[in-house]
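Each residue of the sequence shown is one higher than the one before, counting from 858 in this note's numbering.
Yeah, the Cβ is synthetic: ideal placement off N, Cα and C, and Gly gets one too.
All values reported here derive from a predicted model rather than from experimental measurement.
A short write-up of the structure that comes next.
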Amino acid sequence: MNTLVAIADATDDAAFLARARRRLFPTLGVAPAQQVQATQDWVMFRRARTHLCPPVCAPVVLPAIEAFQVWHLRVDDAQQLAVLHAALDKRDLKTLGGFKFQRVGILRFRDASTFAEESADRVLAMWQLAQPAPQVVLGRVWETAPATGQGWENHFRLRNMLEQIASISTPPARGQGALAAIPEPPAPLADGALDGGMLVVSMPVASAETRSALLIQGGRDGDFHYPQKDSPRAPLQYLANQPQGTALVDFIALLTPTQPVFGLTLATTNAAPDAGAADRLKAVVEALLAAGKASTDLQQVIEQINQHDRQQLVDIGLVPDDFDEVIFFE
């Protein structure tokens, strides 16, 4: 289901997720068939007669309403974001306790709808009071016991809410892993009175470090890479260590479908690898996995570019120093 969510998010097609879920998991949400146990050797049947059931016999199915607490946190820079990201992944309650999470409001969702019952204007007004920074850099959503469906809707509930507030805080690019579902919230965000919650982290654009990368496919022999003049390549921009736009997804689509990627090397061009290099490479790995183009034993290397690889890029007409780093797809 997580892979289906990633594909649907990258293609902005929630209907795909519904179709794929129904085809791949047709028994989800289906009541078990009634069993009849024989207790006698024989049974007598009579001819069926028409029975009219008055309306009172029809069961009344009330719509399920799920309530989500929306949280906001504004971080000052990429370093603070990295600390928060690690604390969320590790469920580090001590570190999380140092952040001042802000309650924004409560959104209600009917059945499996991916849009809140509250109007778009009300959602926007709610967020205007919260005063988020201009760029959303991280989002998490959770629901401990989905009343309807399997909880797959929650990713799109978060995404749709962010689209409604795009005029005051830009959502992260689709399909890049900035938004994700978690099974349960850490203690500072837990609220047993509600069905679930959402956490949105924003950051000033000026504080969000930007980096440029060159994506290129090339064979590897030992420590050296051998890209060719006709090798697939594309520039990629990072903001706060998160890929921007669809450049990464578009590049992966150019790779040979029947030939998985066996290794990735992130090679910085002007300085030693920084602390955010692992997060940037992780985003590439997640995009490869979502596209089904990563081998089961994908090798990952982070290093400063060696002289051989630098010269190989120059020989095919590229200038390595035009980029902060080169990511080789092997």
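- Distance from the CA atom of Ala944 to the CA atom of Ala1128, rounded to whole angstroms, is 27 Å.
- Beta-bridge partners of Gln1101 (DSSP): none assigned.
- Nearest C-alpha to Val940 among Pro1092, Val1058 and Thr1126: Val1058.
- With fewer than three CB-CB distances shorter than 8 Å, the segment 1037 to 1044 does not count as touching the segment 1147 to 1154.
- Taking C-alpha positions only, Leu1111 is separated from Asp1087 by approximately 12 Å.
- Gly1075 and Val1106 have their C-alpha atoms roughly 18 Å apart.
- Here Ile1109 is not bridged, per DSSP, to any residue.
- The alpha-carbon of Ala1104 is positioned some 33 Å away from that of Val961.
- Asp1052 and Asp1166 have their C-alpha atoms roughly 52 Å apart.
- In terms of Cβ geometry, Lys1150 and Ile1109 form a close pair [threshold 9 Å].
- Distance from the CA atom of Thr952 to the CA atom of Leu1046, rounded to whole angstroms, is 13 Å.
- Residues His929, Gln959 and Val961 of the same chain have their beta carbon placed closer than 7 Å to that of Ala987, with the five preceding and five following residues left out of the count.
- The segment 1104 to 1172 is shown to contain whole alpha helix (DSSP H) runs of 4 or more residues at 1104 to 1111, 1134 to 1148 and 1164 to 1172, in chain order.
- Of the candidates Met983, Met1055, Asp1048 and Ala1023, the residue whose Cα lies closest to the Cα of Leu1036 is Met1055.
- Between the beta-carbon of Ala935 and that of Gly1133 there is about 6 Å, and that keeps the pair under the 8 Å contact cut.
- Here Gln1085 is not near Arg1068, since their CB atoms are 9 Å or more apart.
- Within the same chain, Cβ atoms closer than 6 Å to the Cβ of Phe873 are found at Ala865, the five residues on either side in sequence being excluded.
- Within the segment 948 to 1001, the complete beta strand (DSSP E) segments at least 3 residues long are 959 to 967 and 992 to 1000, listed from N- to C-terminus.
- In the three-state scheme derived from DSSP, where H, G and I count as helix and E and B as strand, Ala1091 is classed as strand.
- Contact annotation: Arg1016 and Pro1028 have beta-carbon atoms nearer than 9 Å.
- In this structure, Ile1159 places its C-beta atom within 9 Å of the C-beta atom of Pro1130.
- In the DSSP annotation of this structure, Glu1010 is not part of any beta strand (DSSP E); the continuous alpha helix (DSSP H) holding it starts and ends at Glu1010 to Gln1021.
- Within a 10 Å sphere around the beta-carbon of Val1176 sit fewer than 16 other beta-carbons, which makes this residue exposed.
- Following the DSSP letters along the chain, one finds Gly1076 inside the beta strand (DSSP E) bounded by residues Gly1076 to Asp1078.
- Between Met1018 and Val932, the gap from beta carbon to beta carbon reaches 9 Å or more.
- Under the three-state reduction of DSSP output, Arg1031 falls in the coil class, being neither helix nor strand.
- Nearest neighbour of Leu1072 by Cα position, chosen from Asp946, Asp1048, Thr1113 and Arg1090, turns out to be Arg1090.
- Assigned with DSSP and collapsed to three states, Leu1071 falls in strand.
- DSSP places Gln1085 in the coil class of the three-state scheme, outside both helix and strand.
- About 6 Å separates the beta carbon of Leu1121 from that of Phe1186, a gap short enough to meet the 8 Å contact definition.
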